[in-house]
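In the numbering used here, the protein residues as written are 9 to 175.
All residues carry an ideal CB built from backbone N, CA and C; glycine is no exception.
Since the structure comes first, as structure tokens, the remarks are kept for the end.
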């Protein structure tokens, strides 16, 4: 069985886990840090909510990103920034389709999540608001890849490509 839980990414002067936006996520563990105050927290809990990414972006005045990992197969990515707004995509799209139970009458991955080119465009804007100048092409590689072997690796590759936390 793989990992089920959240990764919370944001920038702050103090620990993100102590902010009101994340008050419901007791027991978060600092996973890594990056230049400029970036932090990645792990909330290994497949049940319940971690908090509000919108509230986290407002409280910190910086972009925030959540990744919900499902059995290390795929990741639902939610991002928000004070100016550029919110967007959602996923990593490991084929595996995510399996979790959604796609069939001819059901909604598809593309109904729930931005397609890779659109997600890459939004991610470039998110990164720019975070102070990082990046291009969409390296992001597309991550957004179209399948988890091999762990979806967490894709998530951390995404963070690296966004310029937030280097691998």
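Beta-carbon contacts of residue i that lie in its chain and below 6 Å, excluding the five residues immediately before and after
| i | result |
| --- | --- |
| residue 124 | 148, 151 and 152 |
| residue 10 | 79 and 80 |
| residue 168 | 174 and 175 |
| residue 52 | 13 |
| residue 40 | 48 and 173 |
| residue 75 | 15, 83, 85 and 163 |
| residue 29 | 59, 60, 63, 64 and 67 |
Nonlocal neighbours in the same chain, by C-beta distance under 8 Å from residue i, ignoring five residues either side
| i | result |
| --- | --- |
| residue 98 | 82, 83, 84, 85, 104, 117, 120 and 121 |
| residue 90 | 65, 66, 69, 70, 71 and 137 |
| residue 134 | 71, 73, 87, 89, 92, 95 and 170 |
| residue 132 | 142, 143, 144 and 147 |
| residue 31 | 59 |
Collapsed DSSP secondary structure at residue i in the structure displayed
| i | result |
| --- | --- |
| residue 138 | coil |
| residue 172 | coil |
| residue 165 | helix |
| residue 99 | strand |
| residue 13 | strand |
| residue 147 | helix |
| residue 39 | strand |
| residue 159 | helix |
| residue 18 | strand |
| residue 31 | coil |
| residue 106 | helix |
| residue 88 | strand |
| residue 153 | coil |
Residue environment, residue i, which counts as buried when at least 16 other CB atoms sit within 10 Å
| i | result |
| --- | --- |
| residue 100 | buried |
| residue 145 | exposed |
| residue 114 | exposed |
| residue 37 | exposed |
| residue 130 | buried |
| residue 59 | buried |
| residue 109 | exposed |
| residue 57 | exposed |
Whole-Å CB distance - residue i paired with residue j, under 8 Å assumed
| i | j | result |
| --- | --- | --- |
| residue 18 | residue 47 | 6 Å |
Same chain, Cβ closer than 7 Å to residue i, neighbours up to 5 away in sequence not counted
| i | result |
| --- | --- |
| residue 42 | 172, 173 and 174 |
| residue 21 | 45 |
| residue 1 | Outside the displayed span of the chain (9 to 175) sits residue 1, for which this structure offers no information. |
### Task
Would you list, in sequence order, the uninterrupted beta strand (DSSP E) runs of no fewer than 3 residues that lie entirely inside the region 43–86?
46–51 and 72–78
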